[in-house]
Amino acid sequence: MKRDIIAGNWKMNNNKEQTVALINELRPLVKDAKCEVVVCVPFTSIETARKALRGSNIQLGAQNVHWAPKGAFTGEISADMLAEQKVKYVIVGHSERRQYFGETNQSVNARTKAAIAAGLKVILCVGETLEERETGKTATVVTKQTLEALEGIDKLGLKKIVIAYEPVWAIGTGKTATAQDANDTIAIIRKVVRKLYGKNYARSIRIQYGGSMNPGNVKELMAMPEIDGGLIGGASLKAKDFAAVVNDR
Ligand code: 13P
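So the sequence shown is residues 7 to 255, counted in the working numbering.
So, in structure tokens, the structure goes:
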């Protein structure tokens, strides 16, 4: 049986003090969660978050990882460095990384492989831009992103991956994809997984929706058969809102 997964992506928010405060407020609110709960914190908060999360049902995540084990890659962090800090999940290929930092399907693939090799689980992000949606390219874009991100990853590797479908136009804009649209696009992504790995893997992989998910729309989105969780930005920065998403799903 697969379990839904709700992950908070804090993005570039929260210093150490704020990290402790938010986690301390969140812990009791989600302690009875029926789903997996993850918070993906900035690198500088990882150690603080790990300590603050001790003994809780919330798992620790990071927001990016490099593909090389070590070397001259100024500003980057390796998968082993994250694993050493007891990070369990890492987001790879977020649209903000694709948009502002030149992330490509190929670098997403390389980062994903490195993370898996180090024993991390990956939240692999795909999603179309507004222009792509409006010109009818959604299916083509998410299919290509998924195919290329999974290139060369075997079935064992796939088991370490959660896919997050995040339409770029719905991120931080307050615009949510309709539950039906989100469901339909996730079905397309699942079809790609089926083609690559077969029916059982397609059924068991978890595919989240992300993009302005909040306490007001979580129920409707999570009622859709294809949606197995959420990747939450803005609403993950407020303990009560994030807990409501976790508990109301
Ligand atoms: P928002 O929930 O703020 O729209 O962000 C979604 C997101 O990008 C999560 O990774």
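Quick reminder that beta carbons are idealized off the backbone N, C-alpha and C, glycines included. Quantities reported herein were computed from a predicted structural model and do not represent experimental measurements.
Regarding residue i and the ligand 13P, is the C-beta to nearest heavy atom distance less than 7 Å?
| i | result |
| --- | --- |
| residue 237 | yes |
| residue 100 | yes |
| residue 241 | yes |
| residue 222 | no |
| residue 219 | yes |
| residue 177 | yes |
| residue 172 | yes |
| residue 216 | yes |
| residue 70 | no |
| residue 15 | yes |
State the DSSP-derived secondary structure class of residue i, mapped to helix, strand or coil.
| i | result |
| --- | --- |
| residue 156 | coil |
| residue 15 | strand |
| residue 212 | strand |
| residue 105 | helix |
| residue 71 | coil |
| residue 236 | strand |
| residue 185 | helix |
| residue 250 | helix |
| residue 192 | helix |
| residue 177 | coil |
| residue 31 | helix |
| residue 172 | coil |
| residue 43 | strand |
Please name the residue, chosen from the options, that lies closest to residue i on a Cα-to-Cα basis.
| i | options | result |
| --- | --- | --- |
| residue 44 | 148, 14, 21, 73 | 14 |
| residue 159 | 174, 132, 128, 170 | 128 |
| residue 95 | 70, 183, 248 | 70 |
| residue 246 | 27, 9, 171, 21 | 27 |
| residue 209 | 223, 194, 217 | 194 |
| residue 32 | 254, 81, 244 | 244 |
| residue 181 | 66, 192, 29, 240 | 240 |
| residue 156 | 145, 169, 8, 146 | 169 |
| residue 35 | 47, 64, 57 | 64 |
| residue 126 | 196, 89, 179 | 89 |
| residue 161 | 201, 141, 80, 219 | 201 |
| residue 29 | 53, 41, 7, 11 | 53 |
| residue 46 | 146, 92, 80 | 92 |
| residue 148 | 49, 173, 163, 74 | 173 |
| residue 20 | 37, 9, 51 | 51 |
| residue 139 | 183, 120, 152, 103 | 183 |
| residue 187 | 198, 171, 197, 178 | 171 |
| residue 237 | 207, 146, 132 | 132 |
| residue 152 | 222, 103, 197 | 197 |
| residue 6 | 116, 42, 214 | Residue 6 lies beyond the stretch modelled for the chain, which goes from 7 to 255, so this question has no answer here. |
| residue 114 | 73, 252, 86 | 73 |
Report task. For the region 76 to 141, list the alpha helix (DSSP H) runs that are entirely contained and at least 4 residues long, ordered along the chain. Result -> 85 to 90, 101 to 106, 111 to 123, 136 to 140
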